[in-house]
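First up is the structure itself, then whatever we jot down about it.
Residue numbers (the working numbering): 43 to 657.
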């Protein structure tokens, strides 16, 4: 009996599937296409998704087809749902129709620059920035032009400015000699995002700025040391910085026998405005120089909604080579310190060889095989036994252009399978866009991750790192399609006061809101959508008066501004945006005969009322 039932079921299955296909062809294919690919002018989005058969059946029963919702109901709806789910709708069906082509993904340009910086940083020392904010301020009276004999004060300054004529309040320094005094501030600057930063010194006196420099023997980023008749002047520079990577900063000021004495130090971050550096980006503790590649890379593929290193071009290969030369030059500026040797030491050739071996091991994020050590280190030193520095250059260049560094997916065990080293490399790429640090490498070599608690502890440690916070902010800007929103200007007559300063403040407010929700002790993803408050500065509070209704990510003024037109709001624009990018649903295009004309409506109506009347 059981055999007959099984045979009956097997025989009936194709018939049911065929019946579902027949119903689909008769009632659905004209709008959705024979394979759910969509039909231009009807429903041009592919019919794919992750709903279960039961959910699909309910949806079809309620709404399909649109011109006759009673045509496919109950059992017919279930048969159609089963058919399309197995034929083309589900991820499994799509995988059969369009098998994924395994491709070798390289690092994106953002990941590449972060990996280069961290690779060199591992040979220096990692800064501990702590919780105090501001720079150390050192104040001196001077008897001569270049002496610092009489120290007046040393304190933590959150604002990098001083005006002798207003020497009061929290900026006051007792005992200062108007005829001659100097100040220098030092510590670290932690940039919140990757990009080009502009810096500006305004002073009638002498001032110099060193930024991301090993010491003061390097040329200053801004050299305004010689004043010009005690006249106020502005001196600027621009520097590329990496988000989450603290750089050393040293600002020096001198006033000697001059009538006017003042200094103001400002920055203009990417997408920002000229302002004093907010003290939350300043730290009193020092940090080492960061190896930042300034090489321009071609744009990465973002067709899937996020950046991928999926294309290999001549321009990309040239950029990789150029950045390798740049970082090799950076290393040679401080080679002996990085390799922990001295210029005339007898063991220097051996120390340089060990440095190259360690460099390659860290770049590949796993111990070198015998063949790799021979190719990337030993053979190169054997070719130039009397010139170890040339061998170092060749080894570094070969390592930095190696597939084992450029393509993280090649991080596999000798048997071709993932292992603990693969796992830690993937974790570092996921949370930091970079390479494993010493703690991760040590954990992978000791099989530390065999216990889930150990793995979770490492993840929690990594999430406290500034690099993780920078990546989280990048995620929100990419997910919400804000990264490409460069022009948010509005009509000055319709929106008076809405200028670049307001736009910069809105972006800062949006970023602050993300940090407030994600990284606070009360972190709760629901607050992203119904937070009772938004961080608005005094300028924004004049334009946006918070109401009693909960606010959140999707009603933040920056989002509303980004998805509005030059002269008016656009609820339809934002509705389509939310449907596609947040809910993952694609709306059927409106009929061609429907067109929105603002002039057709009474002028006193709000945009919402106009849209309601139209629909």
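Note that the Cβ used here is the ideal one computed from N, Cα and C, for glycine as well.
These numbers come from a predicted model, not from an experiment.
Here the alpha carbons of residue 373 and residue 381 stand approximately 10 Å from one another. A residue is called buried once 16 or more other Cβ atoms fall within 10 Å of its Cβ, and residue 600 is buried on that count. Remark: C-beta atoms of residue 94 and residue 133 do not approach each other more closely than 8 Å. Selection 638, 538, 476, 581 evaluated against residue 508 yields 476 as nearest (Cα-Cα). Contact between the stretch 237-249 and the stretch 272-279 is present: three or more C-beta pairs spanning the two stretches fall below 8 Å. In the DSSP assignment, residue 502 falls within the alpha helix (DSSP H) that extends over 494-505. Residue 294 is bridged by DSSP to 226, 250. Counting the other Cβ atoms within 10 Å of the Cβ of residue 500 gives 16 or more, which makes it buried.
Inside the stretch 520-607, DSSP marks whole alpha helix (DSSP H) runs of 4 or more residues at positions 542-560, 569-572, 580-585, 599-604, from first to last along the chain. Looking from the CA of residue 375, the closest CA among 295, 646, 260 belongs to 260.
Rounded to the nearest whole angstrom, the CA to CA distance from residue 478 to residue 159 is 12 Å. As summarised for the stretch 85-111, there are no continuous beta strand (DSSP E) elements at least 3 residues long confined to that stretch. Straight through space, the alpha carbons of residue 547 and residue 579 are spaced by roughly 8 Å. Pairwise C-beta distances place the stretch 65-83 in contact with the stretch 104-113, as three or more of them are shorter than 8 Å.
Residue state for residue 466 is assigned as helix, using DSSP reduced to three classes. Around the CB of residue 539, fewer than 16 other CB atoms lie within 10 Å, so the residue is classed as exposed.
In this structure residue 179 is not in contact with residue 252, their Cβ atoms being roughly 16 Å apart against a cut-off of 8 Å.
Boundaries of the alpha helix (DSSP H) around residue 136: 133-139. For residue 402, no beta strand (DSSP E) encloses it; the enclosing alpha helix (DSSP H) starts and ends at 390-406.
With a cutoff of 8 Å on beta-carbon distance, residue 206 and residue 303 are scored as near each other.
Here the C-alpha atom of residue 217 lies approximately 14 Å from the C-alpha atom of residue 191. Its chain contains 272 as the residues whose beta carbon lies nearer than 7 Å to that of residue 301, once the 5 sequence neighbours on both sides are disregarded; these appear in chain order. Beta-bridge partners assigned by DSSP to residue 162: none are found. In the three-state reduction of the DSSP assignment, residue 655 falls in the helix class, which pools H, G and I. For residue 440, the three-state secondary structure derived from DSSP is helix. Counting only unbroken stretches of 4 or more residues, the alpha helix (DSSP H) elements lying wholly within the stretch 332-400 are 356-374, 377-381, in sequence order. Taking each of 414, 408, 463, 393 in turn and checking the Cα distance to residue 430, the smallest one comes out for 393. In this chain, residue 170 is not harboured by any beta strand (DSSP E), its DSSP state being neither H nor E. Bounds of the beta strand (DSSP E) holding residue 240 are 237-245. In the DSSP annotation of this structure, the continuous segment of the beta strand (DSSP E) that includes residue 307 starts and ends at 304-310.
A check of alpha carbon separations from residue 149 across 125, 524, 352, 403 identifies 352 as the nearest. The Cβ-Cβ distance between residue 454 and residue 464 falls below 8 Å.
Taking C-beta atoms under 8 Å as the contact rule, residue 101 and residue 630 fail to qualify, at a distance of about 14 Å. With the rule of 3 Cβ pairs closer than 8 Å, the stretch 524-534 counts as touching the stretch 601-608. Boundaries around residue 447 are those of the alpha helix (DSSP H), 445-448, since no beta strand (DSSP E) includes it.
Look at residue 287 here: in three-state DSSP terms it is coil, with no helix or strand label.
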